[in-house]
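Only one structure is covered here, and it is reproduced in the block below.
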Amino acid sequence: MRKSTAILSHFKSKMNLSASLRSNQFHPNLRNLTTHNRNSVLFSLLSSRRFASISPSAFKDPLQNQVMDFPGGPVEFIPEMRFISESSKERIPCYRVLDDNGQPILGHNFVQVSEEVALKMYTDMVTLRSMDTIFYEAQRQGRISFYVTAIGEEAINIASAAALAMDDVVFPQYREAGVLLWRGFTLQEFTNQLFSNKNDNGKGRQMPAHYGSKKHNYFTVASTIATQISHAVGAAYSLKMDKKDACAVTYFGDGGSSEGDFHAALNFAAVTEAPVIFICRNNGWAISTPISDQFRSDGVVVKGQAYGVRSIRVDGNDALAIYSAVQAARQMAVTEERPILIEALTYRVGHHTTSDDSTKYRPANEIEWWRVARDPVARFRKWIENNGWWNDMAESELINNLRQRLYVDDLLAIGNNSVNGASEVHQATKCVLRYIKGTLDYRVWFNFNQGFNLRGFYERYCGTINC
Ligand SMILES: Cc1ncc(C[n+]2csc(CCOP(=O)(O)OP(=O)(O)O)c2C)c(N)n1
Ligand SMILES: [Mg+2]
Numbered sequence: 013m014r015k016s017t018a019i020l021s022h023f024k025s026k027m028n029l030s031a032s033l034r035s036n037q038f039h040p041n042l043r044n045l046t047t048h049n050r051n052s053v054l055f056s057l058l059s060s061r062r063f064a065s066i067s068p069s070a071f072k073d074p075l076q077n078q079v080m081d082f083p084g085g086p087v088e089f090i091p092e093m094r095f096i097s098e099s100s101k102e103r104i105p106c107y108r109v110l111d112d113n114g115q116p117i118l119g120h121n122f123v124q125v126s127e128e129v130a131l132k133m134y135t136d137m138v139t140l141r142s143m144d145t146i147f148y149e150a151q152r153q154g155r156i157s158f159y160v161t162a163i164g165e166e167a168i169n170i171a172s173a174a175a176l177a178m179d180d181v182v183f184p185q186y187r188e189a190g191v192l193l194w195r196g197f198t199l200q201e202f203t204n205q206l207f208s209n210k211n212d213n214g215k216g217r218q219m220p221a222h223y224g225s226k227k228h229n230y231f232t233v234a235s236t237i238a239t240q241i242s243h244a245v246g247a248a249y250s251l252k253m254d255k256k257d258a259c260a261v262t263y264f265g266d267g268g269s270s271e272g273d274f275h276a277a278l279n280f281a282a283v284t285e286a287p288v289i290f291i292c293r294n295n296g297w298a299i300s301t302p303i304s305d306q307f308r309s310d311g312v313v314v315k316g317q318a319y320g321v322r323s324i325r326v327d328g329n330d331a332l333a334i335y336s337a338v339q340a341a342r343q344m345a346v347t348e349e350r351p352i353l354i355e356a357l358t359y360r361v362g363h364h365t366t367s368d369d370s371t372k373y374r375p376a377n378e379i380e381w382w383r384v385a386r387d388p389v390a391r392f393r394k395w396i397e398n399n400g401w402w403n404d405m406a407e408s409e410l411i412n413n414l415r416q417r418l419y420v421d422d423l424l425a426i427g428n429n430s431v432n433g434a435s436e437v438h439q440a441t442k443c444v445l446r447y448i449k450g451t452l453d454y455r456v457w458f459n460f461n462q463g464f465n466l467r468g469f470y471e472r473y474c475g476t477i478n479c
């Protein structure tokens, strides 16, 4: 009884506050308040906002029927019946710093990178590419069941990671191993995960390339496309509530942006003013589906404005442009408490995964053109060379060092570990096989595929399974 009286008086006070503000809620004066004050007024109204929006006083017309003051700002009345065009004449331009030959373009404008950071960016891009080559081959040799490369997208991976702070929480799709590499996840840790051995953080319960690391603020990869986007918004909102000097960052592909989760997440982030950076790697393909079969808008960037999210389109193969845009985005996200959308234009040079053969649905010369002429690693190398920070000798030292780390230390150690870790692999296989006997929804089907791979993997190393 006492509780319901308290609730009643709480609502009464809300209604009073609402009544006193209702008359000017949509009045121009309210727009003079700072965003912060305005938000706190509106936030305190919560339930009463609905009543205000249908109040006749809300539609007072100070400019004699030329303008309607409507939630969100004044709306002009016009006599023409004007449909908004489905496309603008000019496409949204793309921010870049370096041309395809690594030369700064006319009027270039970027956030300065120190020599130390630039060299780490370059060596990590080369490391990521070498790691991809080795593990791709390891899959082809049947040593691991599955792998995803980031070939052609090294700049998005590494340069974005370089522009973030370690406290920023990352929600990846699956083609962003480079972010984890930048944060200090070792080659041995990658191999532990890929071989599901006993040192794997996930204890062999995930399919290969589904890395995660609490230590590195990197949420575990989930194959279910786009689910991570709304998780990032929730995390960002929580960081804001806790007044943390950090943001959430989520990566996804063009295919991810075709999922409903992307749209819900953008809208939710805009309304809650969550400090989250959405990084869309628009690489032209969602497995075999080209972007022309996914959307007819001017890419993904225009969707930001539709949801009230500040957005930019960037050349995804230009490490300096990515670094600058992500750093600026982070600054705005954290200090202004707002979401930012970055659409990075790039190309998936590799197959979708080791389960795909992309030459079946796209011309080989298209792949080759992007691989050679628009290579983000070679482009950045030219820039650091022109700065006098890199030369052929440094390059061969780097390659020798990588060869040592990748071939000798890691791959051989993996082979041993995977045999030692056979019992863990056995557990994972049994677990998946049990799971596929459940209901046949999409996720189960998906796990069935992985179960099939795991089964092959298990049988190769541990003998026949009788179930
Ligand atoms: C919810 C869901 N639907 C479908 C799939 C199958 N699938 C896996 S990856 C992928 C394409 C994703 O493309 P994109 O987001 O552009 O990323 P990219 O592989 O190009 O980096 C699809 C459809 C899935 N994993 N999850
Ligand atoms: Mg894609």
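Count along the sequence shown starting at 1, add 12, and that's the number in the working numbering.
The beta-carbon is built from N, C-alpha and C at its ideal position, and this holds for glycine as well.
Would you tell me roughly how many angstroms separate the C-alpha atoms of residue i and residue j, rounded to the nearest one?
i: Leu-278; j: Pro-351; result: 8 Å
i: Gly-224; j: Asp-266; result: 22 Å
i: Ile-90; j: Gln-78; result: 8 Å
i: Phe-147; j: Ile-411; result: 16 Å
i: Asp-179; j: His-228; result: 8 Å
i: Val-321; j: Met-93; result: 28 Å
i: Phe-55; j: Leu-251; result: Only weak support is given to the placement of Phe-55: the predicted model assigns it a pLDDT of 46, under 50, and the value that follows is read from those uncertain coordinates. One C-alpha to the other measures close to 18 Å.
i: Thr-366; j: Arg-155; result: 13 Å
i: Leu-110; j: His-363; result: 27 Å
i: Ala-340; j: Gln-153; result: 43 Å
i: Ala-269; j: Tyr-107; result: Rather than Ala, the amino acid found at residue 269 in this sequence is Ser. Roughly 20 Å between the two C-alpha positions.
i: Glu-349; j: Pro-287; result: 5 Å
i: Gln-115; j: Tyr-134; result: 16 Å
i: Arg-195; j: Asp-81; result: 49 Å
i: Ser-309; j: Tyr-249; result: 29 Å
i: Gly-311; j: Lys-372; result: 24 Å
i: Leu-418; j: Thr-203; result: 10 Å
i: Asn-113; j: Arg-342; result: 28 Å
i: Gly-190; j: Leu-118; result: 30 Å
i: Asp-144; j: Leu-414; result: 12 Å
i: Tyr-230; j: Leu-193; result: 11 Å
i: Gln-240; j: Val-384; result: 32 Å
i: Phe-95; j: Phe-122; result: 38 Å
i: Ser-300; j: Cys-259; result: 33 Å
Just to confirm the assignment, what range does the alpha helix (DSSP H) spanning residue i have?
i: Met-133; result: 127 to 152
i: Ser-266; result: Before going on, a small fix: residue 266 reads as Asp here, not Ser. Where Asp-266 is concerned, the enclosing alpha helix (DSSP H) stretches over 266 to 269.
i: Glu-409; result: 404 to 415
i: Met-253; result: 239 to 253
i: Ser-231; result: Sequence check: residue 231 is Phe here, not Ser. No alpha helix (DSSP H) holds Phe-231; DSSP gives it neither H nor E.
i: Ile-168; result: 166 to 175
i: Ala-333; result: 331 to 348
Say yes only if the C-beta of residue i is nearer than 6 Å to one or more non-hydrogen atoms of ligand 1, and no if none qualify.
i: Ile-168; result: no
i: Ala-298; result: yes
i: Ser-235; result: yes
i: Arg-374; result: no
i: Arg-187; result: yes
i: Arg-325; result: no
i: Arg-383; result: no
i: Arg-360; result: yes
Taking the Cβ atom as the reference point for each residue, do residue i and residue j lie within a distance shorter than 7 Å?
i: Tyr-359; j: Asn-403; result: no
i: Trp-381; j: Val-361; result: no
i: Ala-171; j: Ala-331; result: yes
i: Ser-323; j: Val-338; result: no
i: Val-245; j: Ala-281; result: yes
i: Ile-354; j: Ile-303; result: no
i: Pro-184; j: Val-233; result: yes
i: Ala-318; j: Val-326; result: no
i: Glu-127; j: Trp-401; result: yes
i: Asn-169; j: Ala-177; result: no
i: Glu-271; j: Ala-238; result: yes
i: Val-181; j: Ala-247; result: yes
i: Tyr-335; j: Ala-173; result: no
i: Arg-374; j: Glu-165; result: no
Taking 6 Å as the cut-off, is the CB of residue i close to at least one heavy atom of ligand 2?
i: Asp-266; result: yes
i: Asn-229; result: no
i: Asn-295; result: yes
Starting from residue i, follow the beta strand (DSSP E) in both directions and report where the run begins and ends.
i: Asp-257; result: That residue, Asp-257, is in no beta strand (DSSP E); it is neither H nor E in DSSP.
i: Asn-86; result: The question names Asn, but residue 86 is Pro in the sequence shown. Here the beta strand (DSSP E) through Pro-86 covers 85 to 88.
i: Ala-356; result: 352 to 357
i: Val-79; result: 79 to 82
_beta strand (DSSP E) runs contained entirely in the region 182 to 206, provided each spans 3 or more residues_ = Counting only runs of 3 or more residues that sit fully inside the region 182 to 206, no beta strand (DSSP E) segment turns up.
Those runs of the beta strand (DSSP E) which lie wholly inside the region 269 to 327 and span at least 3 residues
Entirely contained in the region 269 to 327, the beta strand (DSSP E) runs reaching 3 residues are, in chain order, 288 to 294 and 322 to 327.
Q.
Threshold first: 4 residues or longer. Then list the alpha helix (DSSP H) segments lying entirely within the region 378 to 402, N to C.
A. Listed in chain order, the complete alpha helix (DSSP H) runs (minimum 4 residues) inside the region 378 to 402 are 388 to 398.
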